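Residue numbers (the numbering used here), protein chains in the order written: chain B, 149 to 423; chain S, 12 to 555.
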């Protein structure tokens, strides 16, 4: 793992991504101090272009776009990370059980996974949010629910491949229980792939969240980049700044996370490493 | 026997910085003459394969390259040739055979088409003539029904047949030089003997010079005219076969030769048979190739096998690949479910116990695996690997760790090894760790599944010695699975010869060796490479 991090540090693109994400995190931490009045408060005249007082301008209701971008960063990271984390945990559990026990359980779980994969992800997420009524938690649940199948398939594949290896047999021969083999031997050996793919999930989760918020399916009480773009789209031709800055924020964040994910994948994936 | 075909002069192959030595091959000189077989022998990492690749101009990438020296092929320096010119020589005037016949053939193309390709690239022959030549070539390598073989895909042939097809391809244009890189290592002994015979025969017929790379002195004794011994990239000894095998000069050659297991039964006090500790009764196991839509064929891996292991003895299970010997070993340790029959441990049937009920019995039977690279968890420290068993069986971790460190001493490793990870060790050291892991739970029975087949001869001898030593010290019984009769003779008290999932002959080692009753056992003994030489007789016949 340590050698993997060293390889990651040699990847310049991935480091640049990590730097951008660091800045985004810094922004979310300092947002309450930079914009103490919050993103929803009316700060000045509506639709003001970027100026010294409002560096990113104001929207149709006179809210500060910069404050919105700062608070939206928190929403995006919060939802992105927690949704990806829940998807990884659930997917790893399903894939792990299927890959270790095989047989009928495997068949059942994998058909269920395929069922989720065949439904268009965004439609399913929308449906779930509508059913659960829009809130922070329901958005996280919806995104996690459409993101876990990939992880489940990955973990199952790794478990099946590792299951035939002699060190797993040796452990079974020593009398190790199923959970012991799973948690002591199988999971640690596919952790690097899970980390790499899981980090990419964060990026897709952020995109899903902005998409939902754009359609008005986000938590209405929480500022989000998608919500900002949605609110600014009517005045796109007269006030370009309302949509553009949250859009740039989304672009930079998602791109950076993808770069980090690719970097991690390259650094930790033994199959790519040999090249 | 005069014409020099290949003359390697002061060949040095550089390795990238950070490798364990600066050059893979250091100032190597070697001369190959027409009609002679030169064996390049060395252990893994000695640079023997890279030397062969340098001749072919197939060194891997820009980081490994010839840094100095010349490779003169019929007077032409191959090192200075452009890749284009080299491609004209490769395949036409220098033929190659690789170790793994499955990966060297394209699985999507028929055998005939792949051999034809050689003609298409290097000659202007017409389609009909090409096809006729292919069939003749396949007949020359003694493949049955060459017409049919030409129409087959690689997966439809056996390993030996594929290697024959590879040889046919290599010899298609009657090359002056044939380079064979461990061509028989992946094959069974009986097939290996046939392939060696074939190479020998063809080489005599065509007057080809052969550079034969191997790690097995038995093979050298069978096929070589000249022998060159490579140690860590340095050619330490070369000479005629008889000179090198019978009167080795260099200490490294001597150690290597001494480590080769001989085809003799060492003098051992006969083991007094104790009680039966582990027994299989009429065990059957079949692997069904089952699909959702089709009922595939099933292979009978174990066909009613009954065998008894007595206390304190070493029982050898010998057979070729697919004979069911590994399946039997895993069935007897209950790592593999069986279809019918019984496995009895110390008088108690353990065939149908659940994982949980099986646990107390697990510590009585332990297994040592074949592949030292796959049998240790790469993410665990050595001390955790060894102490896993005792911890599962209720030993407090601190005590288990302390015992693991002591066990490292017993298997001949430094106690400081405990805190390192498996990838920091060599194959032989890893196998020692695997043995320590098995011993940690103090088993009564050790099942060793080809524990030395992945190791170099000198390391192999050490590990075998360790196993024999431990067995004597701790008084455990051992089930020893191997494909190598020489190893079995060395270590086993009794030998069971397996074929097609059944035991064809079972008896005390000395008896099986002196008077094998079953024809298959006899065939196995005959196929041991260098059989005459490894029985201790000096080779008196000069190389023809």
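Where is the CB? At the ideal position from N, CA and C, for every residue including glycine. Bear in mind that the values here come from a model prediction, so they are computed numbers and not experimental data.
Ranked by how close their Cα comes to the Cα of residue 388 of chain B, the residues B:414, B:206, B:320, B:168 have B:206 in first place.
When CB distances to chain B are screened at a threshold of 9 Å, the residues of the region 386–400 of chain S falling below it are 386, 387, 388, 389, 390, 391, 395, 396, 399, 400, in chain order. Interface flag for residue 320 of chain B against chain S is set, since a Cβ pair is found closer than 8 Å. Residues of the region 326–351 of chain S with a C-beta atom less than 7 Å from some C-beta of chain B are 344, 346, listed in chain order. The three-state reading of DSSP puts residue 43 of chain S in strand, counting E and B together.
Distances from the alpha-carbon of residue 159 of chain S to those of S:132, S:123, S:137 put S:123 closest. Counting along the chain, residue 144 of chain S sits inside the alpha helix (DSSP H) bounded by residues 138–151.
With contacts defined as CB atoms closer than 8 Å, residue 207 of chain S and residue 230 of chain S qualify as a contacting pair. Checking the DSSP bridge columns, you'll see residue 386 of chain S has no partner listed.
Look at the beta carbons and you see the region 353–360 of chain B not touching the region 195–212 of chain B: under three pairs across the two are nearer than 8 Å. Fewer than three Cβ pairs drawn from the region 509–517 of chain S and the region 473–487 of chain S lie within less than 8 Å of each other, which leaves the two stretches out of contact. At a Cβ-Cβ threshold of 8 Å, residue 245 of chain B and residue 376 of chain B do not count as neighbours. When Cβ-Cβ separations below 8 Å define contact, residue 336 of chain B makes contact with chain S.
Taking 8 Å as the CB threshold, residue 468 of chain S stays off the interface with chain B. Between residue 20 of chain S and chain B, the shortest Cβ-Cβ separation is not below 8 Å. In this structure residue 289 of chain S is not in contact with residue 369 of chain S, their Cβ atoms being roughly 14 Å apart against a cut-off of 8 Å.
By the neighbour-count criterion, in which a residue is buried when 16 or more other Cβ atoms sit within 10 angstroms of its Cβ, residue 365 of chain S is exposed. Counting only runs of 4 or more residues that sit fully inside the region 396–476 of chain S, the alpha helix (DSSP H) segments are 408–421, 438–450, in chain order. About 20 Å separates the beta carbons of residue 284 of chain S and residue 501 of chain S, which is beyond the 8 Å limit, so they are not a contact pair. In this structure, the alpha-carbon of residue 326 of chain S lies about 25 Å from that of residue 196 of chain S. Residue 371 of chain B is positioned such that its CB atom lies no closer than 8 Å to that of residue 183 of chain B. DSSP places residue 164 of chain S in the coil class of the three-state scheme, outside both helix and strand. For the pair residue 398 of chain B and residue 358 of chain B, the CB atoms are nearer than the 8 Å cut-off. Assigned with DSSP and collapsed to three states, residue 519 of chain S falls in strand. With respect to the 8 Å criterion, residue 70 of chain S and residue 79 of chain S are not classified as neighbours on the basis of their beta carbons. Using a Cβ-Cβ cut-off of 9 Å, residue 403 of chain S is close to 319, 322, 323, 324, 325, 328 of chain B, given in chain order.
Within the region 297–316 of chain B, those residues whose Cβ lies closer than 7 Å to any Cβ of chain S are, in chain order, 313, 314, 315. Around the Cβ of residue 260 of chain S, a 10 Å sphere holds fewer than 16 other Cβ atoms; the residue is exposed. Excluding sequence positions up to five before and after residue 23 of chain S, its CB lies within less than 8 Å of the CB of 34, 36, 37, 38, 39, 77, 78, 79, 80, all in the same chain and listed in chain order. At least one C-beta of chain B is nearer than 8 Å to the C-beta of residue 380 of chain S.
CA-CA distance, residue 467 of chain S to residue 244 of chain S, rounds to 16 Å. Of the other Cβ atoms in all chains shown, 16 or more fall within 10 Å of the Cβ of residue 532 of chain S; this residue is therefore buried.
When the beta-carbon positions are compared, residue 247 of chain B and residue 298 of chain B stay at least 8 Å from each other. Every unbroken stretch of the alpha helix (DSSP H) spanning 4 or more residues and falling wholly within the region 27–92 of chain S is given here in chain order: 59–67. Just so you know, the alpha carbons of residue 222 of chain S and residue 488 of chain S end up roughly 44 Å apart. Residue 307 of chain B is classed as buried because its beta carbon has at least 16 other beta carbons within 10 Å across all chains shown.
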